Structures are given as C-alpha cells and as structure tokens.
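Quick notes on the structure that follows.
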Amino acid sequence: MGGNRLIGGGSHVPWRSIDDLRGVERALHKLLLESLSLLPKVGEAVEAPRPVTLPTDGVVYEPELAHCSSCEPASIAEEQIALEKAKADENKACAEAQMLALEVKRRQLLLEKGVLDPFEPAPNPPNPTPAPNSNP
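Sequential numbering of the sequence shown, starting at 7, is according to my numbering.
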C-alpha cells in the first residue's frame, strides 16, 4: 500500500501496516492491539446493516390533520359544537338585521300615508285571571 499521510509539523510519513508497530509507544501499542480484535480479519466479508425507511401513517397523513382519527373525540365534539353555535349566532344576527330592515320599511310606509301615530303599538292589556271557584 503506497501513499503518504500528513502528520503534525507538515512532514509526510508513509502509511504503515497494522502489523508494523515498530517505534509505537507502549500505551498506543496496547490500544491498537485491543482495537485490532474488533476489526474484520483478512478475507472476511462484512455485511453492514442497510437501513430501510418505510412510511408510517404519521408520515402519510401528517398533512391531513383535519382527517386525523387519532384526535380525542371530546375535543372534536367541542369544536363542532362551537362551530354550530357560531353559525346559529350568525343566523340570529342576520334575522335580526332583516327584521330591523322590515321595521324601517314599515315605518316609512306609515309616514308616507300620513299616519303619525306612535310607531310602537300599545301593549296588549293583560288577560284577567279567572277567580277561583268559590262554590262549596
């Protein structure tokens, strides 16, 4: 195996075989021998695990959180109730606006006819309650 490696100070040193441990300090020599037992032997084939990534439901459906079935049913029901209440409030406001528009039109027609009576009708007199039957 040819080639050089660059070490501290910018000097080039040829690569050495793992079996060539001449001139290596004792601590480094011991560390290299311990590490050597972890390496594959010459001619031994090593198969590294090959990771395979498969999509999961979380990956596939993440963009569609609105259709997620893992949400709590109570929170879904709460959202639906709040939405229905908001729609009912909107419908009520629209109906009140229509009633006010009709009242304005009614009052304009009364003024055009020359009717200058109070716009508010007199309250209906309360119905008398029948006296309790006092027959013995």
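No residue lacks a Cβ here, since even glycine has one placed at the ideal position from N, Cα and C. No experiment lies behind these values; they were computed from the predicted model shown.
Assign residue i to one of three DSSP states: helix, strand, or coil.
i: Pro-46; result: coil
Out of the options, which has the shortest C-alpha to C-alpha gap to residue i?
i: Leu-42; options: Ala-51, Val-30, Glu-31, Ile-24; result: Ile-24
Tell me, to the nearest whole angstrom, how far the beta carbon of residue i is from that of residue j; I am working on the premise that it is less than 8 Å.
i: Leu-144; j: Leu-38; result: No statement about residue 144 is possible, as the shown extent of the chain runs from 7 to 142 and does not include it.
State yes or no: is the C-beta of residue i nearer than 7 Å to some heavy atom of the ligand NAP?
i: Glu-40; result: The ligand NAP is not among the ligands present in this structure, which contains no ligands whatsoever.
Where does the unbroken alpha helix (DSSP H) through residue i begin, and where does it stop?
i: Asp-95; result: 79-119
Spatial neighbours of residue i within its chain, please: C-beta separation below 7 Å, excluding the five flanking residues on both sides.
i: Met-7; result: Residue placement at Met-7 is flagged as unreliable, the pLDDT there being 45, under the threshold of 50; a coordinate-derived value is accordingly withheld.
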